[in-house]
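**Student:** I am attaching a structure below and will ask some questions about it afterwards.
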Amino acid sequence: MQRSRRWFLRASAFWSSAAIACRGRSGAPPAEPRSIGAPISAYGARSRFEKAARFVNRNTKAPLEEAASQTPLHDTFGIITPSSLHFERHHSGVPEIDPAAHRLTIHGLVDRPLVLTVDELKRLPSISRIHFLECSGNSSSEWRGGSSGSDVQRIHGLTSCGEWTGVSAALLLRECGVHADAAWVLAEGADAGKHDRSIPMQKMMDDALVVYGQNGEPLRPEQGYPLRLLLPGWEGNANVKWLRRLKVTDQAAMTREETSKYTDLMPDGTARQFTFVMEPKSVITQPSGGDRLPVAGVYEVTGIAWSGRGAIARVEITTDGGATWAAADLQTPVLPRAHTRFRWLWKWDGRNAVIASRCTDETGYTQPPLGELIARRGTNSFYHNNGIQAWRVAPDGTITNGNRA
Amino acid sequence: MAIARSGFTICVAIAALVLACRATLSASPERSGSPQSPTFGVGRAPTAAELRAIDIDVAPDGRGLPSGRGTAAAGKDVYARRCETCHGPTGREGPQDVLVGGLGSLSTPNPQKTVGSYWPYATTLWDYIRRAMPFDHPGTLTTDEIYAATAYVLFMNGIVGEHDEVNQQTLPLVTMPNRSGFVADPRPDIPVKRKP
Numbered sequence: 007m008q009r010s011r012r013w014f015l016r017a018s019a020f021w022s023s024a025a026i027a028c029r030g031r032s033g034a035p036p037a038e039p040r041s042i043g044a045p046i047s048a049y050g051a052r053s054r055f056e057k058a059a060r061f062v063n064r065n066t067k068a069p070l071e072e073a074a075s076q077t078p079l080h081d082t083f084g085i086i087t088p089s090s091l092h093f094e095r096h097h098s099g100v101p102e103i104d105p106a107a108h109r110l111t112i113h114g115l116v117d118r119p120l121v122l123t124v125d126e127l128k129r130l131p132s133i134s135r136i137h138f139l140e141c142s143g144n145s146s147s148e149w150r151g152g153s154s155g156s157d158v159q160r161i162h163g164l165t166s167c168g169e170w171t172g173v174s175a176a177l178l179l180r181e182c183g184v185h186a187d188a189a190w191v192l193a194e195g196a197d198a199g200k201h202d203r204s205i206p207m208q209k210m211m212d213d214a215l216v217v218y219g220q221n222g223e224p225l226r227p228e229q230g231y232p233l234r235l236l237l238p239g240w241e242g243n244a245n246v247k248w249l250r251r252l253k254v255t256d257q258a259a260m261t262r263e264e265t266s267k268y269t270d271l272m273p274d275g276t277a278r279q280f281t282f283v284m285e286p287k288s289v290i291t292q293p294s295g296g297d298r299l300p301v302a303g304v305y306e307v308t309g310i311a312w313s314g315r316g317a318i319a320r321v322e323i324t325t326d327g328g329a330t331w332a333a334a335d336l337q338t339p340v341l342p343r344a345h346t347r348f349r350w351l352w353k354w355d356g357r358n359a360v361i362a363s364r365c366t367d368e369t370g371y372t373q374p375p376l377g378e379l380i381a382r383r384g385t386n387s388f389y390h391n392n393g394i395q396a397w398r399v400a401p402d403g404t405i406t407n408g409n410r411a
Numbered sequence: 005m006a007i008a009r010s011g012f013t014i015c016v017a018i019a020a021l022v023l024a025c026r027a028t029l030s031a032s033p034e035r036s037g038s039p040q041s042p043t044f045g046v047g048r049a050p051t052a053a054e055l056r057a058i059d060i061d062v063a064p065d066g067r068g069l070p071s072g073r074g075t076a077a078a079g080k081d082v083y084a085r086r087c088e089t090c091h092g093p094t095g096r097e098g099p100q101d102v103l104v105g106g107l108g109s110l111s112t113p114n115p116q117k118t119v120g121s122y123w124p125y126a127t128t129l130w131d132y133i134r135r136a137m138p139f140d141h142p143g144t145l146t147t148d149e150i151y152a153a154t155a156y157v158l159f160m161n162g163i164v165g166e167h168d169e170v171n172q173q174t175l176p177l178v179t180m181p182n183r184s185g186f187v188a189d190p191r192p193d194i195p196v197k198r199k200p
């Protein structure tokens, strides 16, 4: 896997800048070219020196069209995930859709069914909001102990955060005139498998968006181009991509994706259904599994926290495996249902340490230890692990997954 | 929004007027009827044919099922031709999702979630096969082939007999073994308030 060793680089930056300063006395720094650079271009690309990439596991039984790729959380800054690095989860591949031919149909229990073009949607009052999107299967490896060699990308990389622009779903539904007995909306995609989920009317009328923009551009094809549903704070699977149809109904459709999948199996053999909200969660992204601290000393510990129920109120850090906790700084903006960046300065004494973060959201919910979730839910539920992630720091500075006892 | 409410309403009214005029002046095929949406003057009503083409979901009570029929006996052949390479000769072998077996396993350390052991509704199977299977060529089965493949997967799970006809009327009446296995979301399900 391509992975930048920023921790090592950062520690050695002082020495290399000192070296450049010394060299500066005798001549121009070699890293600054004097020949003329590249001309302007129509669409920018990142520096060829940058290699951060989604993690694509090719060693799977299922085809890569029915798979997930993970965001390199350790190689992104701030709270916005670049569109090119936003995690993917598809069930029948990424369709290529001509926006001029695409239609959104709203029908069912409404007075005035509507067929809308993408251009028509763009004429309506627009809303831009920053929200995380997390697959409810994120971090699922840890229910059964995880792997000590795993890292933050492979464990937690099914969460990303972006600025989404679109139209209020409530506005669209009101234009159609929703009947009094309407309780659900079936959202369906135009992908090969016509992915579909039933969404409670209350959420559709509260803050759901029909989105066409992501980080200032049209949605990426992997994120649903030209239209997707966005349900702030709710599990990724329900945020139907390539949205082609909203059907207003009086009952849930009981689709395969809300019965066979995305239901949480409990120890007694019953399964929880319609577990939409992603509960408060945080993770230290730097330093994290796979990193190596070069020397004892001061490090910035940073990561992200998010809650499907609102804004993050506080994040705490432990370096002694949860015995004591200290408050981290929250980087503004701190937005509801969005990744929130936290930072904390740590003086590492060069000895064994177990570092972790835990967040509390504005409802007062504090992220639990994974063990508490397992005590309540067992290890078969697969989805919705929002437990605390521990990283184990060894005296030689190597960092491994600390979730295994 | 920063615009005062009255100003906004006026803007909307003007916008609707302008759009309405534009719609009547340049009547493209898309805009044959008058705009459907009352406030913003966008959209049109879908035609019956358009709705038929996309309104494909099937509800647990059978709404949405087309007329047609199939039996497991007929489905054996459909399954062998269109499903077996990915789901195995008896639905248990994979390599893709296991479709058969697992009864009684849901509360064990190794639960097997299959159509037979886990799925609460038989209508979901019909809907999903029409929607998404065969994985590499979704949408290529005829209605009767979908009924037959549905019947065969249910038959392999011991839920219907080999010659039971599965159709619009009978499919919603099939009782799945795990019909009452689902509960509502109780979260937060752990004590969540802690002292900082």
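Respectively, the protein sequence lines represent chains D and F. Residue numbers for the first sequence follow the working numbering, beginning at 7 and rising by one. Residue numbers for the second sequence follow the working numbering, beginning at 5 and rising by one. Cβ coordinates follow ideal geometry from the N, Cα and C atoms, glycine included. These numbers come from a predicted model, not from an experiment.
1) At 8 Å on the CB atoms, spell out the chain F contacts of Phe280(D), in chain order.
2) Do Phe61(D) and Ser41(D) have their CB atoms nearer than 8 Å?
3) Per the DSSP calculation, Leu271(D) is bridged to which residue(s)?
4) With DSSP as the reference, please indicate the residues paired to Glu194(D) in a beta bridge.
5) On the CB-based measure, 16 or more other CB atoms within 10 Å of its CB, does Phe55(D) come out buried or exposed?
6) Between Thr154(F) and chain D, is there a C-beta pair that is closer than 8 Å?
7) Under three-state DSSP, which class holds Asn243(D)?
8) Go ahead and pull the three-state DSSP assignment for Ser184(F).
9) Would DSSP call Leu336(D) helix, strand or coil?
10) Answer with buried or exposed for Ser363(D), where buried requires no fewer than 16 other C-beta atoms within 10 angstroms of its C-beta.
11) Using CA coordinates, which residue listed in Ser89(D), Lys128(D), Pro101(D) and Ile161(D) is at the minimum distance from Asn63(D)?
12) Taking only beta carbons into account, state which residues of the region 43-55 of chain F come closer than 8 Å to chain D, listed in chain order.
13) Distance, Cα to Cα, Asp202(D) vs Glu263(D)?
14) Hey, Asn443(D) and Cys141(D): beta-carbon distance below 8 Å or not?
15) By the criterion of Cβ-Cβ separation under 7 Å, what are the contact partners of Tyr389(D) in chain F?
16) How long is the line joining the alpha carbons of Thr28(F) and Glu126(D), rounded to whole angstroms?
17) Which of the three DSSP states is assigned to Ala51(D) in this structure?
18) In terms of alpha-carbon separation, which member of Met284(D), Ile112(D), Gly219(D) and Asn407(D) lies closest to Asp270(D)?
19) Where does Cys87(F) fall in DSSP's three states?
20) Per DSSP, what are the beta-bridge partners of Cys365(D) in this structure?
21) Is the number of C-beta pairs between the region 147-156 of chain F and the region 295-303 of chain D that are closer than 8 Å three or more?
22) Got a sec: does the ligand MN put a non-hydrogen atom nearer than 7 Å to the Cβ of Val307(D)?
23) Strictly under 8 Å for the Cβ-Cβ distance: is Leu29(F) near chain D by that measure?
24) Taking Cβ-Cβ distances shorter than 9 Å, what residues in chain F pair up with Glu378(D)?
25) Below 8 Å between beta carbons is the criterion; list the residues of the region 156-168 of chain F that meet it against any residue of chain B, in chain order.
26) Here's a check: name, in chain order, each residue in its chain whose Cβ is nearer than 6 Å to the Cβ of Gly79(F), leaving out the five neighbours to either side.
27) Roughly how many angstroms lie between the CA atoms of Gly275(D) and Gly185(F), to the nearest whole one?
28) So that I know if they touch, is there some Cβ in chain F lying closer than 8 Å to that of Lys247(D)?
29) Quick one, which residues of the region 93-125 of chain F are near chain D if we go by CB-CB under 8 Å, in chain order?
30) Beta-carbon of Pro181(F) versus every beta-carbon of chain D: anything under 8 Å?
31) Report yes or no: is there a C-beta of chain F within less than 8 Å of the C-beta of Leu336(D)?
32) Is Pro69(D) buried or exposed, if buried means 16 or more other CB atoms sit within 10 Å of its CB?
33) In whole angstroms, what is the alpha-carbon distance linking Thr366(D) and Val289(D)?
34) Is His92(D) closer than 8 Å to Ser166(D) when the C-beta atoms are compared?
35) Using beta carbons (cut-off 8 Å, strictly below), is Arg135(F) in contact with chain D?
36) Would you mind giving the Cβ-Cβ distance between Leu236(D) and Ala214(D), rounded to the nearest angstrom? I have them listed as a contact below 8 Å.
**Tutor:** If we stick to the structure as given:
1) Ala188 and Asp189
2) Judged by their CB atoms, Phe61(D) and Ser41(D) are not nearer to each other than the 8 Å cut-off.
3) Ala277(D)
4) Asp202(D) and Arg251(D)
5) exposed
6) Not a single CB atom of chain D sits nearer than 8 Å to the CB of Thr154(F).
7) In this structure, Asn243(D) counts as helix in the three-state DSSP scheme.
8) coil
9) strand
10) buried
11) Ile161(D)
12) With the criterion set as a beta carbon lying under 8 Å from some beta carbon of chain D, the members of the region 43-55 of chain F are Thr43, Phe44, Val46, Gly47, Arg48, Ala49, Pro50, Glu54 and Leu55, in sequence order.
13) 7 Å
14) This structure cannot settle anything about residue 443(D), because the visible part of chain D is limited to 7 through 411.
15) Residues of chain F passing the Cβ test: none, with the nearest at roughly 11 Å.
16) Note that Thr28(F) scores 40 on pLDDT, short of 50, meaning its location in the model is unreliable and no value can be drawn from it.
17) coil
18) Met284(D)
19) When secondary structure is reduced to three states using DSSP, Cys87(F) falls in the coil class, being assigned neither helix nor strand.
20) Val321(D)
21) By the Cβ rule, the region 147-156 of chain F does not count as touching the region 295-303 of chain D, because fewer than three pairs are nearer than 8 Å.
22) Absent from the structure shown: the ligand MN. Ligands present: none.
23) Legend: pLDDT at Leu29(F) = 39, less than 50; position of this residue unreliable, no value from coordinates given.
24) Ile194 and Pro195
25) This model lacks chain B altogether; the protein chains it does include are D and F.
26) Ala152, Ala153, Ala155 and Tyr156
27) Gly185(F) has its alpha-carbon roughly 7 Å from the corresponding atom of Gly275(D).
28) no
29) Result list: Gly98, Pro99, Gln100, Leu110, Ser111, Pro113, Pro115, Lys117, Val119, Tyr122, Trp123, Pro124 and Tyr125.
30) no
31) no
32) It is exposed - the Cβ of Pro69(D) has fewer than 16 other Cβ atoms within 10 Å.
33) 13 Å
34) yes
35) yes
36) 7 Å
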